[in-house]
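Right, one structure below, let's go through it.
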Amino acid sequence: MADIAKIRLKIGDTTVAYQFSDPELQSFLDDEGSVRLASAAALEAWAAVYATNPSSETIGGYAYSQKIADNMLSLAKRLRTSEAETPAMTWAEPDLLGE
């Protein structure tokens, strides 16, 4: 699976009417350097769109709250944490210095 498709899958941008174009996702990937970090950046950008909307509304006796931006930012944080906790190399990998 291509990196752009992996990012789309991680952020839930899989419907026909994509939130982000392929070049936009490639830009996140170029800036961030990994699929997880690019996914986090995309989620943060997407959440910014929702952040301009009211988080709750009451109409008559009906009330609702919208947690979309909060959920996106929570997932972005988990992706960034996961990336930070993933070792760059494991002991089972070869010694690249030849020592």
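Numbering (our numbering), first residue to last: 27 to 125. Idealized CB from N, CA, C, for every residue including glycine. Given the structure is predicted, the values throughout are model-derived calculations rather than measurements.
{"Item": "Taking just the CA atoms, how far does Q45 sit from P113?", "Value": "31 angstroms"}
{"Item": "T41 by DSSP, collapsed to three states: which one?", "Value": "coil"}
{"Item": "In or out: R104 buried (at least 16 other Cβ within 10 Å) or exposed?", "Value": "exposed"}
{"Item": "How is the alpha helix (DSSP H) around M98 delimited, first residue to last?", "Value": "94 to 111"}
{"Item": "Pick out whichever of L99, L55, T40 has its Cα sitting closest to the Cα of A74.", "Value": "L99"}
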